[in-house]
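According to the working numbering, numbering within the sequence shown proceeds without interruption in unit steps and concludes at 440.
Think of the CB as a built atom: it goes at the ideal place given N, C-alpha and C, for glycine as much as any other residue.
Single-structure report; data block below.
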Amino acid sequence: MLKDEVIYDGPDVTIVTPEAFVFDPSKKDNFETCPKIYRSWATFDEIQANKLYKNIDSLDEILSQKNGKYSNNKVCKGDQLEILEFWGDIKLKDGTLLKNQVITLAGRKNIIRFEENPFIMNPFVFAAFLEDPETKRGYSPLYVVLPLNEASETIMNLQLEALKLIINKPYLAPKGALSGKINIKEGAIIEYDPALMPREPVPLDFKDAIVGWDFLRFFESKIESTTGMFKYMTGNPSVVNARTATEASGLMTGQNIRLSKEIDVLNFKVKMPIIRKIAELMANFSFDIQEIKVSRQNGDVDFVFIDESVRQGNYDYLIGDSNAAFERKTKLTESLNFLFEAAKHPEIAPRIKWVEVMKWAFGQIGSVDPNMFIKD
């Protein structure tokens, strides 16, 4: 009797929240073997349906226990149990080192999986734009502006308090001239004893308290220079103080450099490892020979056979962002301009293969198949 069973149907990418993932920071440099734990949640039925899990008989009892040992913030979340997955090398109490293990603990009670990593490779990709030297975890590039923002908030709150005193001024008046609390409304008549108030009440002036706007502009400037993010990024230069064209150009250039750096970090530390891991998984778990269609830059279409030699080859991966596309199109324009100038020479013009030029240009801009415009 023959039976079809899916062993591996391709990789899947999942975003893991930072608070659900921990690792040993002292071994972060070798992240493949670094011990790491991933926390997730699953119902008892989901655990029972997973063929990789064993020793699950007593787990359903945890959900019904109401003692202090188990609580919602530890092993239970509604009808779900906490699942802790350990990946990496682990040393037993007797000193035995088990390399590249996967250990799953359910409800902080039962070890439901204990085996060598079936994928061989570490399935996690961890990266940070700015990394804490001790914890090796990331923190926001905006973290450095928090003290400046707190100082700005303090000054702004003081300005608002002073503004309230200016709008609703307190008055100096003789004691007893105005008795009790007075409710003021439109058209209200306020009575007072002239004998006790020979002069009109004197309002207190708090205009001198409104002096923090220069400080707010100072902190705003510091925040912009610290982060490299200016209001020019909104595309409306009128929202900021008047600047010269040279200053505005410099700001835009600095912002673009900063953003390009962040994009490069994302590509190098996140996208590239994910692509490599997916390629490695597909190479290790694909055994058949596949025929795929490949479109060349000149518009021609070829069929390539993917076998074990192709899957196990060494490759360099390149990620083209918007800057790379812009640079490629700029070089294309320069090349075509040079070619058109060279074509004006009577000896060179007949030797230029204009059909190939057109195919190459279409390939550079990533447009449609140019062969559809060419007669055979």
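Between the region 210-229 and the region 342-359, the count of C-beta pairs closer than 8 Å stays below three; the two stretches do not touch. Beta-bridge partners assigned by DSSP to Gln144: Thr107 and Lys141. For Tyr207, the three-state secondary structure derived from DSSP is helix. One Cα belongs to Asp269, the other to Arg263, and the distance between them is close to 18 Å. Taking 3 residues as the shortest admissible run, the region 158-189 contains the following complete beta strand (DSSP E) segments, listed from N- to C-terminal end: 161-170 and 174-180. Distance from the CA atom of Phe332 to the CA atom of Ala113, rounded to whole angstroms, is 38 Å.
When DSSP states are grouped into helix, strand and coil, Gly377 belongs to the coil group. Residue pairing by DSSP places Lys100 opposite Phe87 and Trp151 in a beta bridge. Counting other Cβ atoms within 10 Å of its Cβ, Arg177 reaches 16 or more and is therefore classed as buried.
The region 148-161 makes no contact with the region 189-200, as fewer than three CB pairs between them are under 8 Å.
Judged by their CB atoms, Ala226 and Ala273 are nearer to each other than the 7 Å cut-off. Judged by their CB atoms, Tyr379 and Met336 are not nearer to each other than the 7 Å cut-off. Judged by DSSP secondary structure, Val275 falls outside any alpha helix (DSSP H); it is assigned neither H nor E. Taking the CA atoms as reference points, Lys408 sits about 44 Å from Phe369. Just measuring C-alpha positions, the residue of Leu210, Lys325, Ser359 and Ala259 sitting nearest Glu284 is Leu210.
For Lys239, the closest alpha carbon among the candidates Ile230, Ala259, Asn186 and Tyr207 is that of Ala259.
Between the alpha carbons of Thr78 and Asp366 lies a gap of roughly 34 Å.
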